[in-house]
Amino acid sequence: MTVPALASASGLLQVASLLGLLLLLLKAAQLYLHRQWLLKALQQFPSPPSHWLYGHSREFQEESELPPLLKRVEKYPSACARWLWGTRAMVLVYDPDYMKVVLARSDPKNSVVYRLLIPWIGCGLLLLNGQTWFQRRRMLTPAFHYDILKPYVGLMAKSVQVMLDKWEQLVAQDPRLEIVGPVSLMTLDTIMKCAFSHQGSAQTDGDSQSYIQAIWDLKNLIFSRLRSAFLQNDIIYRLSPEGRQCQRACQKVHQHTDRVIQLRKTHLQKEGEMENVKKKRHLDFLDILLFARMENGNSLSDTDVRAEVDTFMAAGHDSTASGISWVLYALASNPEHQQRCREEIQGLLGDGTSITWDHLDQMPYTPMCIKEALRLYPPVPSVGRELSKPITFPDGRSLPAGMSDVGLRVPECPLSGQRSGARHFSFYPSRIPVPIQGIVLKSKNGIHLKLRKIP
Numbered sequence: 001m002t003v004p005a006l007a008s009a010s011g012l013l014q015v016a017s018l019l020g021l022l023l024l025l026l027k028a029a030q031l032y033l034h035r036q037w038l039l040k041a042l043q044q045f046p047s048p049p050s051h052w053l054y055g056h057s058r059e060f061q062e063e064s065e066l067p068p069l070l071k072r073v074e075k076y077p078s079a080c081a082r083w084l085w086g087t088r089a090m091v092l093v094y095d096p097d098y099m100k101v102v103l104a105r106s107d108p109k110n111s112v113v114y115r116l117l118i119p120w121i122g123c124g125l126l127l128l129n130g131q132t133w134f135q136r137r138r139m140l141t142p143a144f145h146y147d148i149l150k151p152y153v154g155l156m157a158k159s160v161q162v163m164l165d166k167w168e169q170l171v172a173q174d175p176r177l178e179i180v181g182p183v184s185l186m187t188l189d190t191i192m193k194c195a196f197s198h199q200g201s202a203q204t205d206g207d208s209q210s211y212i213q214a215i216w217d218l219k220n221l222i223f224s225r226l227r228s229a230f231l232q233n234d235i236i237y238r239l240s241p242e243g244r245q246c247q248r249a250c251q252k253v254h255q256h257t258d259r260v261i262q263l264r265k266t267h268l269q270k271e272g273e274m275e276n277v278k279k280k281r282h283l284d285f286l287d288i289l290l291f292a293r294m295e296n297g298n299s300l301s302d303t304d305v306r307a308e309v310d311t312f313m314a315a316g317h318d319s320t321a322s323g324i325s326w327v328l329y330a331l332a333s334n335p336e337h338q339q340r341c342r343e344e345i346q347g348l349l350g351d352g353t354s355i356t357w358d359h360l361d362q363m364p365y366t367p368m369c370i371k372e373a374l375r376l377y378p379p380v381p382s383v384g385r386e387l388s389k390p391i392t393f394p395d396g397r398s399l400p401a402g403m404s405d406v407g408l409r410v411p412e413c414p415l416s417g418q419r420s421g422a423r424h425f426s427f428y429p430s431r432i433p434v435p436i437q438g439i440v441l442k443s444k445n446g447i448h449l450k451l452r453k454i455p
């Protein structure tokens, strides 16, 4: 290589280095200015001292998420700031009056958090905003008409009976039983039959168990990613071991969903079957999606259909399973309430008649206990919003537009029983679940009940 060529290459290298340094400085300046903006925006919302780089992340480890939050609820009324790392912070809101102000607006969902769910459930109803969300919701609302839901009670009762029969065999060997897994299979079985016209039982299907395991893996992986500054970039995450594991779990979930959709489409393609279904006054969830697409090919793509099915199947069965498990735990921990519920139900069903829709209005006390348990253990304990315009709270404190992470904690969140006074359950079981934060509320050590068959 000649001297002029070397000089030219050296010059290009110097220019590239200078450009790289300039871009680095610009990015550093951008991050610094954003942090200063956050400091100013959050100055009315005090919080414990935080590290300039990793914020409060060491305080909020997965196994100790809720106890530190309870301490904050006691020390910082209504809301407080939480620094995830140097240039990312959020406002935790846990006061009902504060929440009313936020939820009365039409601010979009938190894209920083919700975008991590897209590889799993796609852009379905849970992640949509604005006019698209309204249109999709209006399209799906008929699937939840009373006349649709009434016959589902019988299907739900059959799914529950399958679970109880399995429990009866298990408790004959050991009366102590971890219930979250079996309840998850039961709720998946129920949704498959009611919303997707599925024939068969997810509780005896091995593929369903692997699907639920993939759901659990995805929840843990996404929640772990949410806490890591180094895994926010999609390219870096895909190259990481966690990212590859997430891709495998997503593939397993999507295979299950695609199989459900294809089975229903095949059934509808049978001669005369589509017309028979169309004559029904109310269509179920999956049929609404498929017919909307069949009648207007541009309305819903295959991707849109799968996104809605993934959202409803995954989020629906998982949050329901969490709620049912915590309700059973609350009743097991409070035998006096459990006895009143049992007497109420036995008074209605007597000799074991299967429950129907009409029975539901005749059980005032059991729904009260269910709602109280859900108050203490909300299946989804928080949601996020981005502020599209400034907001002022009842005590005069305010946040500016552009605040991208406002986390709404459910009022009287788990472990904050002192807020509810006499309404709070007192728990004295021998094996107390330890609630830990996640996409769906779960227990670090499972939910274990001691079961016995009623004579």
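The opening position of the sequence shown corresponds to residue 1 in full-length UniProt numbering, with each subsequent residue numbered one higher. No residue lacks a Cβ here, since even glycine has one placed at the ideal position from N, Cα and C. Treat the numbers as computed from the prediction; the structure is a model and nothing was measured.
Through-space distance from residue j to residue i, alpha-carbon basis
i: D95; j: L126; result: 24 Å
i: V383; j: A16; result: 44 Å
i: R248; j: D205; result: 20 Å
i: R88; j: A315; result: 27 Å
i: V309; j: R264; result: 12 Å
i: T320; j: V380; result: 10 Å
i: L400; j: Q251; result: Per the sequence presented here, residue 400 reads as Pro, with Leu not at that position. C-alpha separation (whole angstroms): 40 Å.
i: F291; j: K453; result: 45 Å
i: I222; j: L231; result: 10 Å
i: H199; j: P367; result: First, the amino acid is wrong: residue 199 is Gln here, not His. Straight-line Cα distance between these residues: approximately 30 Å.
i: L283; j: V153; result: 16 Å
i: K442; j: I391; result: 32 Å
i: G130; j: V93; result: 23 Å
i: C123; j: D304; result: 7 Å
i: L451; j: Q255; result: 36 Å
i: D287; j: F196; result: 8 Å
i: D174; j: I447; result: 15 Å
i: L449; j: R342; result: 17 Å
i: H56; j: S228; result: 12 Å
i: D165; j: I345; result: 19 Å
i: L18; j: Q30; result: 18 Å
i: Q338; j: S240; result: 48 Å
i: N110; j: L84; result: 15 Å
i: C246; j: Y114; result: 16 Å
i: L69; j: R82; result: 10 Å
i: L128; j: Q135; result: 10 Å
i: G402; j: K389; result: 7 Å
i: I236; j: R58; result: 23 Å
i: R340; j: R35; result: 55 Å
i: residue 472; j: S10; result: Outside the shown range of the chain (1 to 455) lies residue 472, about which nothing can therefore be said.
i: W37; j: Q43; result: 10 Å
i: L226; j: G407; result: 13 Å
When the options are compared against residue i, the one with the closest alpha-carbon
i: L289; options: M139, N445, L170, L188; result: M139
i: L185; options: V171, A202, L170; result: A202
i: D302; options: V162, Q339, Q262, E74; result: Q262
i: I121; options: R342, Y76, T257; result: T257
i: G396; options: F45, L26, K40; result: F45
i: P182; options: S322, I355, W133; result: S322
i: Q161; options: S10, L116, S354, Q338; result: S354
i: C194; options: I235, V171, A229, V260; result: V260
i: Q209; options: R225, H317, T266, L117; result: H317
Assigned exposure category for residue i - 16 Cβ within 10 Å defines buried
i: S47; result: buried
i: R238; result: exposed
i: S50; result: buried
i: A79; result: buried
i: E74; result: exposed
i: R423; result: Model confidence at R423 stands at a pLDDT of 38, short of 50, so the residue's coordinates are unreliable; what they give is reported in the following sentence. It counts as exposed.
i: W357; result: exposed
i: E386; result: buried
i: T311; result: buried
i: Y428; result: Low local confidence applies: a pLDDT of 36 at Y428 is under 50, so the model's placement there is unreliable, with the coordinate-based value given in what follows. With fewer than 16 Cβ atoms within 10 Å of its Cβ, Y428 is classed as exposed.
i: D405; result: buried
i: D107; result: buried
i: R176; result: exposed
i: F285; result: buried
i: L21; result: exposed
i: K27; result: exposed
Min CB distance residue i to chain C below 8 Å
i: Q338; result: Looking for chain C here will not work: only one protein chain is present.
Whole-number beta carbon distance between residue j and residue i, since they are thought to touch under 8 Å
i: T190; j: L155; result: 7 Å
i: V440; j: S325; result: About 10 Å; that fails the 8 Å criterion.
i: residue 494; j: G86; result: There is no way to answer for residue 494, as the model of the chain reaches only from 1 to 455.
i: Y211; j: V253; result: 6 Å
i: D97; j: P394; result: 5 Å
Proximity test, residue i beta-carbon vs the ligand GDP heavy atom, cut-off 7 Å
i: P108; result: No copy of the ligand GDP appears in this structure; indeed no ligand is present at all.
Touch test, the stretch 133 to 153 against the stretch 318 to 333, Cβ-Cβ under 8 Å, three pairs minimum: no
Three CB pairs or more closer than 8 Å across the stretch 209 to 216 and the stretch 100 to 109: no
Sufficient close CB pairs (3 or more, under 8 Å) joining the stretch 371 to 382 to the stretch 349 to 357: No, the stretch 371 to 382 does not touch the stretch 349 to 357.
Three or more C-beta pairs below 8 Å linking the stretch 394 to 412 and the stretch 356 to 363: no
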